[in-house]
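Protein chains in written order, with our numbering: chain A, 968 to 1150; chain B, 968 to 1150.
Comments concern the structure below.
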DNA sequence: CGACTCATGTAAGCTGTTACATGATTTA
DNA sequence: TAAATCATGTAACAGCTTACATGAGTCG
C-alpha cells in the first residue's frame, strides 16, 4: 500500500503528468521507491476515482494528450494519516545473498563476474547520489524540510556504501578460496 | 524467480518437510529470504512436478501426514545454473524512507514513535544475528563453505547496523527540529 | 507520408499476502 | 473425548513485471 502514497508525495512536491512522474521515479524518487509507467497510470486512475487527486483545470482529457495531476486536500490528509500510522518493517529478500548461500553448496563457478558487475553498478549509483547531494544539499544550508530529505538521501548513500564494502570483501574472500584462479 | 531456488538451497543443506522449511525460513534463512508456509507448499508442489525434488522414499503421502523432500540431480543442476546466471540488482522499495520523505511535506506528527519502535526491532534482530555468529562461526575455524555462509550473515549484521545508525541519526535530527517537544 | 518520439493506456502472468479449511497426533 | 497442536493445503486478492496497443505531434 505504498505506491499511491509515493505518488501523492511526488505530486505534492510538484504537480506532474504520468510520464513526468515516471521520469522522476526513475531518477530522484528511485532511491527510496521505484515504479514503472504502467503502475503509475493505473494508480493515477485509482487516486482520481477516490478523490485524492484531480487533473489540472484547463486540460482536455484525451488519449495521447498530456494530463497533469495535482493533489486535493483529501489526498494530503490521506498521506498524513498513512505517514503517521505504525507499520512493521518488511522482510528482506535479496537474490544476491541467496546466490552466495547457494554458492556455498553448488560451487562458486560463474558468480564472481556478476559480483564485479554489481560492484560497478553500485559504485556508479553512489557517484550519482553524491552528485545529487552536492547539488541539492550544500553544507549548512538545510531547512527543516531539506534536513529530512537529506536524511533520506543519506540512507541511499549509506546503503550503496554498504554494498560496495560487502562486495569488495566478498571478492577478497573469493581470491583466498582454494582452487581460485586469478585470471 | 528466487523462491524455488531458496527452497532448493534449504533442502540441499537438509531434507525437510514443508513445516520444517517454514521454521527454517523464519529463523536462519530469514536474513536473506523470507517466505510463508503457503508460498512454500505451493512451490514444493511445483518443484516436484518439474522433477527437481521428490518426497523421501518410505513415506505415504496423505493430507495431514508429514512429507519430507530431497533434491534430485536435476534440481541441483538448476540451482547451479541459476546461481551462475547474471542477474540485475532489484530496485529497492522502502516504506520507511518513503514516510520520512512524506514527513518533509505533511509534517512529522506521529512518525517519531514508530521510528523508535523500528529502532528497537532492528536492535533485537542484530542481537539475534550476533548470537548466530557466535554459535555457528567461531573465530578462525571457517571452512570454505562456512566462509561463504559467514559472509552472508555478515551482510545481515551490517544491514541491521546500518538501520540502527540511520534511525538513531533520524531521531537526533527530530530532536533538533523547530517545534519539537521532548516529551 | 513514413518514421520517430511523446504520452497514455490494456492485458496477462507471476509473486507474495491474508484468510480460511481439513486431517492427524498429542495431551489434559 | 475435547482441546490444542502439528501438518498440509485452498482460495481470493493485491502488487509488480513484461509485452503489447494506440493516438498525437514532429521531422525529414
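C-beta atoms are modelled at their ideal positions from N, C-alpha and C, and glycine is treated no differently.
These figures come from a predicted structure and were not determined experimentally.
Note down, in chain order, all residues in the stretch 1055-1072 of chain B with a beta-carbon under 9 Å from any beta-carbon belonging to chain A. 1055, 1056, 1057, 1058, 1059, 1060, 1061, 1062, 1063, 1064, 1065, 1066, 1067, 1068, 1069, 1070, 1071 and 1072
Tell me, please, whether the CB atom of residue 1140(A) is closer than 8 Å to any CB atom in chain B? On the first chain, residue 1140(A) is found 173 positions in, with the first residue counted as 1. At least one chain B Cβ lies under 8 Å of residue 1140(A).
Am I right that residue 1047(A) and residue 1073(B) are in contact with their C-beta atoms under 8 Å? What's the rounded C-beta distance? Here residue 1047(A) refers to the residue found at position 80 when the first chain is read from its first residue. Here residue 1073(B) refers to the residue found at position 106 when the second chain is read from its first residue. The pair is a contact, with the Cβ atoms about 4 Å apart (cut-off 8 Å).
Please confirm whether residue 1117(B) and residue 1065(A) have their CB atoms less than 8 Å apart. In the second chain, counting from the first residue as 1, residue 1117(B) sits at position 150. In the first chain, counting from the first residue as 1, residue 1065(A) sits at position 98. Contact flag unset, no.
So, does the CB of residue 1076(A) fall closer than 8 Å to a CB anywhere in chain B? Here residue 1076(A) is taken as the residue at index 109 of the first chain, counted from 1. Chain B, which has a Cβ nearer than 8 Å to the Cβ of residue 1076(A), makes this yes.
Assess contact between the stretch 1005-1022 of chain A and the stretch 970-986 of chain A, defined as three or more Cβ pairs (one per stretch) separated by less than 8 Å. Is contact present? yes
Does any residue of chain A have a CB that is nearer than 8 Å to the CB of residue 1116(B)? Taking the first residue of the second chain as 1, we reach residue 1116(B) at position 149. Closer than 8 Å to some Cβ of chain A, the Cβ of residue 1116(B) qualifies, so yes.
Under 8 Å Cβ-Cβ, which residues of chain B neighbour residue 997(A)? The sequence position of residue 997(A) within the first chain is 30, counting from 1. Result: 1058.
For residue 1101(A), which three-state DSSP category applies? Here the question's residue 1101(A) lines up with position 134 in the first chain. Here residue 1101(A) sits in helix by DSSP.
Following the continuous beta strand (DSSP E) through residue 1020(A), name the residue where it begins and the one where it ends. Residue mapping note: residue 1020(A) aligns to position 53 of the first chain, counting from 1. From DSSP, the beta strand (DSSP E) with residue 1020(A) extends over 1020-1022.
Residues that residue 1112(A) contacts on chain B, provided the C-beta gap is smaller than 7 Å: Locating residue 1112(A) in the first chain gives position 145, counting from the first residue. The answer, in chain order, is 1071.
Residue 983(A), DSSP secondary structure in three states: Translated into positions along the first chain, residue 983(A) becomes position 16. The answer is strand: DSSP assigns residue 983(A) an E or B state.
For residue 1119(B), the nearest candidate out of 1114(A), 1100(A), 1140(A) and 1124(A) (CA to CA): Stepping through the second chain from its first residue, residue 1119(B) is reached at position 152. Comparing Cα positions, the closest option is 1140(A).
Looking only at its chain, what residues have a beta carbon closer than 8 Å to the beta carbon of residue 1128(A), apart from the 5 residues adjacent to it on each side? Counting from one through the first chain, the residue named residue 1128(A) turns up at place 161. Here the set comprises 1093.
Using a Cβ-Cβ distance under 8 Å, would residue 1104(A) count as near chain B? If you number the first chain from 1, residue 1104(A) lands on position 137. False, the Cβ-Cβ gap to chain B never drops below 8 Å.
Between which residues of its own chain and residue 1010(B) is the CB-CB distance below 6 Å, once the five residues before and five after are set aside? Counted from its first residue, the second chain places residue 1010(B) at position 43. Taken in chain order, the residues that qualify are 970, 971 and 974.
Along chain B, which residues have their Cβ under 7 Å away from the Cβ of residue 1009(A)? Taking the first residue of the first chain as 1, we reach residue 1009(A) at position 42. Simply none; closest approach about 16 Å.
Proximity below 8 Å, CB of residue 1067(B) to CB of residue 988(A): Within the second chain, the letter at position 100 stands for residue 1067(B). Within the first chain, the letter at position 21 stands for residue 988(A). No, they are not a contact pair.
Between residue 1033(A) and residue 986(A), what straight-line distance do the alpha-carbon atoms span, to the nearest angstrom? Your numbering for residue 1033(A) matches position 66 in the first chain. Your numbering for residue 986(A) matches position 19 in the first chain. Residue 1033(A) and residue 986(A): Cα-Cα distance of roughly 9 Å.
Would you tell me roughly how many angstroms separate the C-alpha atoms of residue 1106(B) and residue 1079(A), rounded to the nearest one? Counting from 1 along the second chain, the entry for residue 1106(B) is found at position 139. Counting from 1 along the first chain, the entry for residue 1079(A) is found at position 112. Distance between the alpha carbons of residue 1106(B) and residue 1079(A): 25 Å.
Which residues mark the beginning and the end of the beta strand (DSSP E) in which residue 1035(A) is found? To locate residue 1035(A), count along the first chain from 1; it is residue 68. Its beta strand (DSSP E) spans residues 1035-1038.
List the residues of chain A that residue 1019(B) touches, going by C-beta distances under 9 Å, in chain order. In the second chain, counting from the first residue as 1, residue 1019(B) sits at position 52. Correct list: empty, because the minimum Cβ distance to chain A is about 13 Å.
Please name the residue, chosen from 1112(A), 1144(A) and 1124(A), that lies closest to residue 1096(A) on a Cα-to-Cα basis. Walking along the first chain from the start, residue 1096(A) turns up at place 129. Closest option to residue 1096(A), Cα to Cα, is 1124(A).
Measuring straight from C-alpha to C-alpha, what distance separates residue 999(B) and residue 1122(B)? Counting from one through the second chain, the residue named residue 999(B) turns up at place 32. Counting from one through the second chain, the residue named residue 1122(B) turns up at place 155. Approximately 9 Å, taken between the alpha carbons.
Determine the chain B residues that contact residue 976(A) at a beta-carbon separation under 9 Å, and present them in chain order. As a working mapping, residue 976(A) is identified with position 9 in the first chain. Correct list: 1065, 1068, 1069, 1071, 1072 and 1073.
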